[in-house]
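Participant: Protein sequences, first through last, are from chains X and A. Per the numbering used here, the first sequence starts with residue 1392, numbered consecutively. Per the numbering used here, the second sequence starts with residue 1392, numbered consecutively. The beta-carbon is built from N, C-alpha and C at its ideal position, and this holds for glycine as well.
2 protein chains.
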Amino acid sequence: MSFRKTVKLLCGFAGGSAVLVFAAAAADSRGCFGEPAGVWSRLTVQAALPAWTAANNHTPSPTGHAWDFNWDKRDQATLSNGTKKKETSTEDPSSEQDNGKPKATRNILLIRHSQYNLSGNGDKERVLTPLGREQAELTGERLAALGLKYDVLIHSTMSRATETAHIISKYLPGQGIELLSCDLLREGAPIEPVPPVTHWKPDAVQYHEDGARIEAAFRRYIHRADPKQKEDSYEIIVCHANVIRYFVCRALQFPPEGWLRMGLNNGSITWLTIRPSGRVALRALGDSGFMPPDKLTRT
Amino acid sequence: MSFRKTVKLLCGFAGGSAVLVFAAAAADSRGCFGEPAGVWSRLTVQAALPAWTAANNHTPSPTGHAWDFNWDKRDQATLSNGTKKKETSTEDPSSEQDNGKPKATRNILLIRHSQYNLSGNGDKERVLTPLGREQAELTGERLAALGLKYDVLIHSTMSRATETAHIISKYLPGQGIELLSCDLLREGAPIEPVPPVTHWKPDAVQYHEDGARIEAAFRRYIHRADPKQKEDSYEIIVCHANVIRYFVCRALQFPPEGWLRMGLNNGSITWLTIRPSGRVALRALGDSGFMPPDKLTRT
Chain X
1392 MSFRKTVKLL CGFAGGSAVL VFAAAAADSR GCFGEPAGVW SRLTVQAALP AWTAANNHTP
1452 SPTGHAWDFN WDKRDQATLS NGTKKKETST EDPSSEQDNG KPKATRNILL IRHSQYNLSG
1512 NGDKERVLTP LGREQAELTG ERLAALGLKY DVLIHSTMSR ATETAHIISK YLPGQGIELL
1572 SCDLLREGAP IEPVPPVTHW KPDAVQYHED GARIEAAFRR YIHRADPKQK EDSYEIIVCH
1632 ANVIRYFVCR ALQFPPEGWL RMGLNNGSIT WLTIRPSGRV ALRALGDSGF MPPDKLTRT
Chain A
1392 MSFRKTVKLL CGFAGGSAVL VFAAAAADSR GCFGEPAGVW SRLTVQAALP AWTAANNHTP
1452 SPTGHAWDFN WDKRDQATLS NGTKKKETST EDPSSEQDNG KPKATRNILL IRHSQYNLSG
1512 NGDKERVLTP LGREQAELTG ERLAALGLKY DVLIHSTMSR ATETAHIISK YLPGQGIELL
1572 SCDLLREGAP IEPVPPVTHW KPDAVQYHED GARIEAAFRR YIHRADPKQK EDSYEIIVCH
1632 ANVIRYFVCR ALQFPPEGWL RMGLNNGSIT WLTIRPSGRV ALRALGDSGF MPPDKLTRT
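1. Excluding five sequence neighbours on each side, which residues of the same chain lie with their C-beta closer than 7 Å to the C-beta of X/PHE1638?
2. Nearest to X/ASP1601 by CA position, among X/ASP1514, X/ARG1577, X/ASP1623, X/ALA1616, is which residue?
3. Per DSSP, what are the beta-bridge partners of A/LEU1500 in this structure?
4. Within 10 Å of its beta-carbon, does A/ASP1678 have 16 or more other beta-carbons around it, so buried, or fewer, so exposed?
5. Establish whether the CB of A/LEU1676 and some CB of chain X are separated by less than 8 Å.
6. Short of 8 Å in beta carbon distance, which residues of its chain neighbour A/ILE1559, apart from the five on each side in sequence? Order them along the chain.
7. Find the residues of chain X that neighbour A/ALA1536, judging by a C-beta separation of less than 7 Å, and give them in chain order.
8. Comparing alpha-carbon positions, which option in X/GLN1644, X/ARG1636, X/ARG1641 lies nearest A/ARG1674?
9. Can you give me the Cβ contacts of X/THR1548 inside the same chain, cut-off strictly under 8 Å, excluding the 5 residues immediately before and after it?
10. Indicate whether at least one CB of chain A lies closer than 8 Å to the CB of X/SER1679.
11. For X/GLU1516, count neighbouring C-beta atoms within 10 Å of its own C-beta (all shown protein chains included) and say buried if the count is 16 or more, exposed if not.
12. Just the chain A side, please: which residues come within less than 7 Å of X/VAL1671 by C-beta, in chain order?
13. Tell me whether A/VAL1588 is buried or exposed, calling it buried when 16 or more other Cβ atoms sit within 10 Å of its Cβ.
14. With a threshold of 6 Å on Cβ separation, who are the neighbours of A/MET1653 within its own chain once the five nearest residues in sequence on each side are excluded?
15. If I'm right that A/LEU1768 touches A/ALA1632 with Cβ under 8 Å, what's the distance once you round it to whole angstroms?
16. Can you round the beta-carbon distance between A/ASN1498 and A/SER1624 to whole angstroms, since I take them to be within the 8 Å contact cut?
17. Can you tell me whether DSSP reads X/GLU1648 as helix, strand or coil?
18. On the CB-based measure, 16 or more other CB atoms within 10 Å of its CB, does X/LEU1509 come out buried or exposed?
19. Which residues bound the alpha helix (DSSP H) around X/VAL1671?
20. Going along chain A in order, which residues have a C-beta closer than 9 Å to the C-beta of X/LEU1643?
21. Reducing DSSP to helix, strand and coil, say where X/VAL1693 ends up.
22. Against X/HIS1504, what residues of chain A qualify as contacts under a CB-to-CB distance less than 8 Å, listed in chain order?
23. According to DSSP, is X/ASN1447 helix, strand or coil?
24. For the alpha helix (DSSP H) holding X/HIS1614, just list the boundary residues, first then last.
25. Could you name the residues of the stretch 1586 to 1608 of chain A whose beta carbon sits closer than 9 Å to any beta carbon of chain X, in the order they occur along the chain?
26. So, helix, strand or coil for A/HIS1456, using DSSP?
27. How would you call A/ASN1656, buried or exposed, if buried means at least 16 neighbouring beta carbons within 10 angstroms?
28. Residue range of the alpha helix (DSSP H) that X/TYR1637 falls in?
29. Would you call X/PRO1584 buried or exposed, if buried means 16 or more other Cβ atoms sit within 10 Å of its Cβ?
30. Tell me the residue span of the beta strand (DSSP E) that contains A/SER1545.
31. For X/GLU1554, report the span of its alpha helix (DSSP H) as first-last.
32. Is DSSP giving X/THR1469 helix, strand or coil here?
33. With a cut-off of 8 Å on the beta carbons, I'd call A/ARG1611 and A/ARG1465 a contact; round off their distance for me.
34. Please name the residue, chosen from X/ASP1514, X/ARG1604, X/THR1555, X/PRO1586, that lies closest to A/HIS1456 on a Cα-to-Cα basis.
See below:
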């Protein structure tokens, strides 16, 4: 299946080191997004203002907020140089009934890893607690019960996400689901939160490195379907609270620095859908209603 | 309990007519928010730009987005005329450990009504379907299982919300929970969504009336605790998808016109917490994991 192959290829491309991560992100930028050097040079010159927040908006609103239909640079009504195609038949990209137009919706189910041993010495020792393993079983059960045909299960390479993903995959046996790991999805400091908090103060260098890496993860995994994709797809991504919250803000085109205004239970499901028009909907954030209340944690 | 009395008093004040609704909103504006005539005159003159979106932000961010700690005009560090108190001991309103400072957190559980008969003739006939009644039982069960001490259950006066609320209340019998209804919470068109949609086009007059009414509901129900409140409170509000989504955007200080970027299942739980500092967190949006997948609907 070419869809799976593409994901695998991209994942294989992600290296563990910061250098490789930056190389991958830069390659994305050149290869798919039509923003060659500018994005990264602006990042260097103006570190406080990540380039991806200065949106090139298309649909201004009365209050100045807007929706950029070409946010993932895959808008079929837009030429590769960024200008609108002349033959665009409708001003409203929400009409997706036209023949020959892409019709497949991507569903992305973002799972926060379950509870882990916070006092472990380094990532390798920070494995799931007994409760954490139980939570992962419950998440796996729920994902199976939803009865969807999952295309792929991608997880962060951190121990707690890997372990959660392996437990979940046991519940999806008939699907021949492919398990892929990706360094880009590791936990980190995506962008300085607004309002600031006192109990969590990463160094500037953490924002500097993690910010670009997590943005690279967003651009890799959160986008509309390829025009050739015929059927709706369902993908599971097991990763981390900061990564998921940042993805949600970015996908909904809400200010990314607002990510800490949301909280996620361990093992919870956050569901994004992306339509061929580029419309995005958040169907649930932090759904953990499938867990008995005494199994809920947020650590 | 003075907290309940206050809610009751405010609810009793809300009339069914637009005139009373506006009067209530204007009274709120004078009484609590220190924005006397300006808000409403600006609304008249500049109808396309609701005054509440032009935030008087306090904590600017690198990208120009900010967090207004005094968003509900209840910041204890701010005098009633809107200026900062001289004796403010800390620049960071997140430190909530100081003695004598308010400590109670408000938890607001927003429930979307369950499935109803869409083909009914007017609100009175638009009652819950058999599945809708079953969903409300499941929501009630879950709320009871969470084991929280609920202070009040407020519901929109529309039939489907009233019926959902009554079923839910059966599951909270030991609590002596008070049921209140409120016209401000009825379904409506809060603000023109960005991006626009083709399948839903309310008239300008709907946005004009509903917009101010739903904003009035937001200001009435979504705010930090009174400084005198000693313990954390848990309130259930049973209302409607548009109202809940608008509340979430406003509470998180995300652009309110982004409300249609979210979707909510029937009977789902959306959980907001509001700290004494004015910090807000969304703990879950549209949690419906407590329902078997074959009971899930979004109508």
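Facilitator: Taking the definition as stated:
1. In the first sequence, residue 1638 of chain X corresponds to position 247, counting from 1. Excluding positions up to five away in sequence, the list reads LEU1501, PHE1609, ILE1613.
2. Translated into the one-based positions of the first sequence, residue 1601 of chain X becomes position 210. Of X/ASP1514, X/ARG1577, X/ASP1623, X/ALA1616, the residue nearest in Cα terms is X/ARG1577.
3. In the second sequence, counting from the first residue as 1, residue 1500 of chain A sits at position 109. DSSP lists A/ILE1627, A/TRP1662 as partners of A/LEU1500.
4. Within the second sequence, numbered from 1, the residue matching residue 1678 of chain A stands at position 287. Buried: at least 16 other Cβ atoms inside 10 Å.
5. Here residue 1676 of chain A refers to the residue found at position 285 of the second sequence. By this cut-off, A/LEU1676 is an interface position.
6. Looking up residue 1559 of chain A in the second sequence gives position 168. Hits under 8 Å: ILE1502, ALA1527, THR1530, GLY1531, LEU1534, LEU1544, ILE1627, VAL1629.
7. For the purposes of this step, residue 1536 of chain A is taken as residue 145 along the second sequence, with counting starting at 1. The contacting residues are PRO1684.
8. Along the second sequence, one-based indexing puts residue 1674 of chain A at 283. Answer by Cα proximity: X/ARG1636.
9. Taking the first residue of the first sequence as 1, we reach residue 1548 of chain X at position 157. So the qualifying residues of the chain are GLY1407, SER1572, CYS1573, ASP1574, LEU1576, ARG1577.
10. Residue numbering aside, residue 1679 of chain X sits at position 288 when the first sequence is read from its first letter. Closer than 8 Å: yes.
11. Reading the first sequence from its first residue, position 125 is the one you call residue 1516 of chain X. Classification of X/GLU1516: exposed, given that the 10 Å Cβ count is below 16.
12. As a position in the first sequence, residue 1671 of chain X is number 280, starting the count at 1. Result: ARG1652.
13. On the second sequence, residue 1588 of chain A is found 197 positions in, with the first residue counted as 1. Answer is exposed; the Cβ neighbour count stays below 16.
14. In the second sequence, residue 1653 of chain A corresponds to position 262, counting from 1. Leaving aside the five residues that flank A/MET1653 on each side, the residues in its chain whose CB is nearer than 6 Å to its CB run, in chain order, ARG1636.
15. This structure leaves residue 1768 of chain A out entirely; chain A is present only between 1392 and 1690.
16. The residue labelled residue 1498 of chain A in the question sits at position 107 within the second sequence. The residue labelled residue 1624 of chain A in the question sits at position 233 within the second sequence. Rounded, the Cβ-Cβ distance is 7 Å, consistent with contact.
17. Here residue 1648 of chain X is taken as the residue at index 257 of the first sequence, counted from 1. Reduced to three states, the DSSP call for X/GLU1648 is helix.
18. Residue mapping note: residue 1509 of chain X aligns to position 118 of the first sequence, counting from 1. Exposed.
19. In the first sequence, the residue the question calls residue 1671 of chain X occupies position 280. Not the alpha helix (DSSP H): X/VAL1671 falls in the beta strand (DSSP E), residues 1671 to 1678.
20. By one-based count along the first sequence, residue 1643 of chain X stands at place 252. Within chain A, the residues near X/LEU1643 are PHE1645, GLY1649, ARG1652, MET1653.
21. Nothing in the structure corresponds to residue 1693 of chain X, since chain X is present only between 1392 and 1690.
22. Locating residue 1504 of chain X in the first sequence gives position 113, counting from the first residue. The contacting residues do not exist; X/HIS1504 stays about 17 Å from chain A at best.
23. Mapped onto the first sequence, residue 1447 of chain X falls at position 56. Since pLDDT at X/ASN1447 reaches only 37, below the 50 mark, its modelled position is unreliable, and the value read off the structure follows with that caveat. Residue state, collapsed to three classes: coil.
24. If you number the first sequence from 1, residue 1614 of chain X lands on position 223. According to the DSSP assignment, X/HIS1614 belongs to no alpha helix (DSSP H), since it is labelled neither H nor E.
25. Those residues of the stretch 1586 to 1608 of chain A placed with their C-beta closer than 9 Å to a C-beta in chain X are PRO1586, PRO1587, VAL1588, THR1589, HIS1590, ordered along the chain.
26. Locating residue 1456 of chain A in the second sequence gives position 65, where the first residue counts as 1. Coil.
27. Working through the second sequence from its first residue, we reach residue 1656 of chain A at position 265. If you draw a 10 Å sphere on the C-beta of A/ASN1656, you find 16 or more other C-beta atoms in it, and that means buried.
28. By 1-based counting over the first sequence, the position of residue 1637 of chain X is 246. Residues 1632 to 1642.
29. Taking the first residue of the first sequence as position 1, residue 1584 of chain X is located at position 193. It is buried - the Cβ of X/PRO1584 has at least 16 other Cβ atoms within 10 Å.
30. To locate residue 1545 of chain A, count along the second sequence from 1; it is residue 154. The question names Ser, but residue 1545 of chain A in the sequence shown is Ile. Note, A/ILE1545: beta strand (DSSP E), 1541 to 1547.
31. On the first sequence, residue 1554 of chain X is found 163 positions in, with the first residue counted as 1. 1550 to 1561 is the span of the alpha helix (DSSP H), which, as asked, contains X/GLU1554.
32. As a working note, residue 1469 of chain X is residue 78 in the first sequence. Residue state for X/THR1469 is assigned as strand, using DSSP reduced to three classes.
33. Here residue 1611 of chain A refers to the residue found at position 220 when the second sequence is read from its first residue. Here residue 1465 of chain A refers to the residue found at position 74 when the second sequence is read from its first residue. The pair is not a contact, with the Cβ atoms about 13 Å apart (cut-off 8 Å).
34. Your numbering for residue 1456 of chain A matches position 65 in the second sequence. The option with the nearest alpha carbon to A/HIS1456 is X/PRO1586.
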